[in-house]
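Numbering-wise, the working numbering puts 73 at position 73 of the sequence shown, and it's gapless, one number per residue. We put the CB at the ideal spot given by N, CA and C, even for glycine. Down below is the structure, laid out as structure tokens.
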Amino acid sequence: MVRTRAQRRKEKEEAKKKAQEEAAAAQLSSSAVTLDSKLDSLLKKKLKEKIDEIVEKILEKKKFGKNKRRQKVSVAVPSNDSDFSDDSDSSSESESSDSSSVVSSSSWKKVKVDWALLPVFDPKEGFEDWERQWGDFIKEELRRSRFGSSGQWKRVVRMGMYKATKNDSRFKSYLKRFFRAGLKHKEVLRRVKEEYLSNLLVRQLAVEEKI
1 MVRTRAQRRK EKEEAKKKAQ EEAAAAQLSS SAVTLDSKLD SLLKKKLKEK
51 IDEIVEKILE KKKFGKNKRR QKVSVAVPSN DSDFSDDSDS SSESESSDSS
101 SVVSSSSWKK VKVDWALLPV FDPKEGFEDW ERQWGDFIKE ELRRSRFGSS
151 GQWKRVVRMG MYKATKNDSR FKSYLKRFFR AGLKHKEVLR RVKEEYLSNL
201 LVRQLAVEEK I
């Protein structure tokens, strides 16, 4: 059967239309991949901005709110934030090899804490593994019932967190920022985890892009 000129023209137009549709679909797929990558980067940036915004609000609220009465606690190592540097950690550890007594001036209750069991954070091992070990340490050595007052217990827990992160300056800076915002240690740990893992993911993506 001989095709007419009109049939050949129609077949040619249909083939051209199909080729255009396939090209458009391929371009759309490529654009979607690029868009997903940009959205992922934008979401991480927004997460960091949101965390910073929350911290700023907490700081403002604390500044203009009522000043809460703080219990004075005498500890075997320095008790204020500025004293929890690497130097203070090393000096306190040299004074007590495996354990130290924590004394509350309000209750005068001595508590023996075995710091040798403290899990020190190692970036190579990951956050989740350290978080689990820290939880076990809290249950064994820093139970609330062992301390004479809530103030004493909170300060010792905070001290332990600083000591546990002495090998990671980034982690330690996050702790200081959230503690100074007046957050409780559980909330501090949750916020630090969000920010630490978020920034870690961003750094990994940046390395992959360079490769």
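- Put simply, the backbone Cα of serine 149 is about 25 Å away from that of threonine 165.
- Inclusion of leucine 142 and valine 157 in the CB contact set at 8 Å is warranted, their separation being smaller than that value.
- In this structure, tyrosine 196 sits away from phenylalanine 137, with a CB-CB distance that is not shorter than 8 Å.
- Take the alpha-carbon of serine 198 and the one of alanine 116: they are about 30 Å apart.
- If you check the CB distance, phenylalanine 147 and valine 111 come in under 8 Å.
- A direct Cα-to-Cα measurement between isoleucine 54 and glutamate 140 gives close to 32 Å.
- Closest by C-alpha distance to arginine 170, out of Glu56, Glu14 and Asp122, is Asp122.
- The beta carbon of lysine 193 sits closer than 8 Å to those of Phe127 and Glu131, all from its chain and outside the five residues before and after it, given in chain order.
- The beta carbon of phenylalanine 178 sits closer than 8 Å to those of Val55, Glu187, Val188, Arg191 and Val192, all from its chain and outside the five residues before and after it, given in chain order.
- Contact between lysine 154 and tyrosine 162 is ruled out by a C-beta separation of about 13 Å, above the 8 Å threshold.
- Secondary structure at glycine 151: helix, using DSSP grouped into helix, strand and coil.
- Spanning the alpha carbons of lysine 109 and glycine 160 requires a straight line of approximately 18 Å.
- Rounded to whole angstroms, the gap between the alpha carbons of glycine 151 and lysine 48 is 31 Å.
- Between valine 120 and asparagine 167, the C-beta spacing is below 8 Å.
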